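Asker:
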Amino acid sequence: MGTRDGVNWPRVQALAVRERADYIARHPASQALAMQAAPHLLFGVPMHWMNDWSTPFPLTVAAASGAHFIDADGMQYADFCLGDTGAMFGHAPAPVAAAIARQATGGYTAMLPSSDAAPVATELARRFALPYWQFALSASDANRFMLRWLRAATGRSKILVFNGCYHGTVDDVFVDLENGAPVQRASLLGQVHDLTAHTVVVEFNDLAALDAALSARDVACVLAEPVMTNVGMVLPQPGYWDAAQDIIARHGTLLVIDETHTISSGPGGYAQAHGMRPDAVVIGKPLAGGLPCAAYGMTQELARRVEHAKRSAPAGHSGIGTTLSANMFAMAAMRANLEQVMTAAAYTQMFAMAQQLADGLRASIARHQLPWCVTQVGARTEFQFGPVPPHNGSEAQRLMDEELEQAIHLYLLNRGVLITPFHNMLLVCPSTSDGDLQHLLAAFDGCLAALV
Ligand code: PMP
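Just so we're aligned, residue 35 is where the sequence shown starts under my numbering, counting upward by one.
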């Protein structure tokens with residue numbers, strides 16, 4: 035009998051075949067829309083990666099509200115993907131919907147600050163304990179702009195990232211470690227520059243490697259998630275960030291913390307919840323309730339260096355900023371979201387629910403005696419196909435199994451539960467109910483029973 039990741043492999047394969055057939059039978063409307071899209075959308079979808087889900091053809095969403103959505107065939111789902119964090123506080127939260135409705139007749143974009151800009155920046159400064167802010171349309175853009183500002187401000191050309199990281203479509207970060215050597219990620223399309231010339235990569239949780247990589251004092255900044263979340267989940271070891279921050283500061287390098295996913299840790303992100311002192315923070319996805327919007331903040335000292343860099347440069351295009359960034363619509367949505375949705379009370383509720391979810395997954399995994407583990411970072415939970423949580427990107431990568439992942443995801447989807455594709459992440463939002471949780475846990479347990 036073939037076993038892989040602790041499960042009976044022929045059963046995984048048989049289950050995947052059954053679930054694909056079941057999905058096709060249940061989704062005639064989604065299938066018809068996919069057929070209509072095929073001749074006009076590249077890969078049949080508005081974004082090519084939407085075709086990489088576990089389903090035989092894309093599931094089309096008809097409407098989403100709170101912790102649920104309905105597909106084009108009228109089937110209801112408990113949503114634990116929540117737009118991979120974009121809808122982390124629920125779909126269409128009422129205060130954001132009201133702000134959007136108000137702004138709908140008040141204009142969308144004028145290339146000028148709106149009256150929401152100052153209150154929003156004040157609130158971001160309070161939450162993240164960083165006084166100066168700028169905006170972008172996506173976390174990818176915010177990271178890109180941040181790298182540009184920091185290279186300009188420091189006069190250093192290199193950046194450092196952790197092996198296995200993801201920070202959006204920022205070319206500079208697509209460098210991996212292969213047998214200890216930096217290599218440009220093979221999947222990156224159309225990149226003609228040698229990214230290894232200006233990107234240094236080390237393993238997460240390796241202080242000696244970090245120290246050595248920064249010692250030439252040519253690295254402008256470390257760009258990092260405080261917990262790696264895009265290669266499965268990798269937690270920092272106890273004391274790691276305290277020591278890492280000392281090393282980074284000693285070499286005159288700046289620390290940029292990307293809180294786009296770890297905002298699951300609290301209203302001011304992981305850095306605030308865990309007493310970190312980054313020079314800068316980036317956040318996107320859920321900031322405006324799921325509308326395209328991102329923000330980046332920095333210390334006063336860094337802001338002065340950034341201002342100096344701009345004033346010292348000739349007038350003209352800076353390579354930073356896009357026309358629709360900080361538009362009136364997004365600023366109105368962000369203000370309502372920050373003031374009324376992303377509240378401390380919402381987090382308290384989400385933490386309690388996520389704890390139950392993680393406990394429930396662990397109980398199910400133990401019941402079926404699987405060598406898997408579960409990691410939780412605030413409202414964010416991940417199960418991984420290994421007995422102990424990984425310590426770095428290489429270990430985490432080795433635990434991933436796309437085929438098994440897809441079989442599980444499709445089984446859950448056919449039972450009305452959506453989890454995040456491309457790894458095994460589950461989010462709860464303030465309106466995730468106990469019923470939703472029990473629904474998920476029962477489906478997960480049923481899946482494991484079918485696989486062992
Ligand atoms: N940073 C992190 C940590 C992310 O996980 C992502 C996207 N998954 C991004 C940035 C980029 O976000 P977006 O795709 O919205 O630009």
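Each residue gets a CB set at the ideal place from its N, CA and C atoms; glycine is no exception. Every value quoted in this text rests on a predicted model; they were computed, and no experiment measured them.
Distance check for G394 and L485, CA to CA, integer angstroms please.
Answerer: Cα-Cα distance, rounded: 18 Å.
Asker: CB-CB under 8 Å to Q334, same chain, minus the five flanking residues each way: which ones, in chain order?
Answerer: P165, Y166
Asker: If you draw a straight line from the alpha carbon of L288 to that of R338, how long is it in whole angstroms?
Answerer: 14 Å
Asker: From what residue to what residue does the alpha helix (DSSP H) around Y57 run?
Answerer: 43-60
Asker: Are the beta-carbon atoms belonging to P424 and V268 less than 8 Å from one another?
Answerer: yes
Asker: Cα separation between I193 and D175?
Answerer: 16 Å
Asker: Report buried or exposed for D276, applying the criterion of at least 16 other Cβ atoms within 10 angstroms of its Cβ.
Answerer: exposed
Asker: Less than 8 Å between the CB atoms is what I'm expecting for H457 and G266, so what's the real figure, rounded?
Answerer: Contact between H457 and G266 holds, with the beta-carbon distance rounding to 5 Å and staying under 8 Å.
Asker: With a 10 Å radius around its C-beta and 16 neighbouring C-beta atoms as the bar for buried, classify L93 as buried or exposed.
Answerer: buried
Asker: How should Q225 be labelled, buried or exposed, when 16 other C-beta atoms within 10 angstroms of its C-beta is the threshold for buried?
Answerer: exposed
Asker: Where does D86 fall in DSSP's three states?
Answerer: helix
Asker: What three-state label does DSSP hand I354 in the structure shown?
Answerer: coil
Asker: Counting beta carbon pairs with one atom in the region 371-380 and one in the region 441-456, are three or more of them shorter than 8 Å?
Answerer: no
Asker: Please determine, among F179, V235, M362, the residue with the shortest C-alpha to C-alpha distance to L146.
Answerer: M362
Asker: Given a cut-off of 8 Å, decide if D118 and T454 are closer than it, judged by their beta-carbon atoms.
Answerer: yes
Asker: Just checking N371 against the ligand PMP - is the residue's beta carbon closer than 7 Å to any of the ligand's heavy atoms?
Answerer: No.
Asker: Would you please state the rounded distance, in angstroms, between the beta carbons of G100 and S465? I believe it to be under 8 Å.
Answerer: 4 Å
Asker: For F179 versus A329, is the C-beta spacing smaller than 8 Å?
Answerer: no
Asker: Applying the 10 Å Cβ sphere with the 16-neighbour rule, what's the burial state of P348?
Answerer: By the neighbour-count rule (16 or more Cβ atoms within 10 Å), P348 is not buried but exposed.
Asker: How about N197 and L211: do their beta carbons lie closer than 8 Å?
Answerer: yes
Asker: What is the residue span of the alpha helix (DSSP H) that Y381 lies within?
Answerer: Per DSSP, Y381 belongs to the alpha helix (DSSP H) from 378-401.
Asker: Let me know the secondary structure DSSP gives V167 once reduced to three states.
Answerer: Looking at the sequence shown, residue 167 is not Val but Trp. Three-state result, W167: strand.
Asker: What are the residues that DSSP puts in a beta bridge with E416?
Answerer: T409, M459
Asker: If you follow the alpha helix (DSSP H) that F77 is in, where does it begin and where does it stop?
Answerer: From DSSP, F77 is part of no alpha helix (DSSP H); its letter is neither H nor E.
Asker: Taking three-plus beta-carbon pairs below 8 Å as touching, is the region 409-428 in contact with the region 225-244?
Answerer: yes
Asker: Quick one: is the Cβ of T294 within less than 7 Å of any heavy atom of the ligand PMP?
Answerer: yes
Asker: Verify whether the separation of the beta carbon atoms of V234 and A215 is less than 8 Å.
Answerer: The answer is no: Cβ separation not under 8 Å.
Asker: Please report the residue range of the beta strand (DSSP E) in which M332 lies.
Answerer: 328-332
Asker: Please classify T296 as buried or exposed, where buried requires at least 16 other C-beta atoms within 10 Å of its C-beta.
Answerer: buried
Asker: Determine the extent of the alpha helix (DSSP H) in which I8 is found, giving its start and end residues.
Answerer: Past the edges of the chain, shown from 35 to 486, lies residue 8, and the structure says nothing about it.
Asker: Looking at C-alpha atoms only, which residue of Y142, F417, S352 is the closest neighbour of D39?
Answerer: Considering only alpha carbons, the answer is F417.
Asker: Exposed or buried, what is P260 when buried is set at 16 or more other beta-carbons lying within 10 Å of its beta-carbon?
Answerer: By the neighbour-count rule (16 or more Cβ atoms within 10 Å), P260 is buried.
Asker: Does the structure place the region 463-478 close enough to the region 68-80 that three or more beta carbon pairs sit under 8 Å?
Answerer: no
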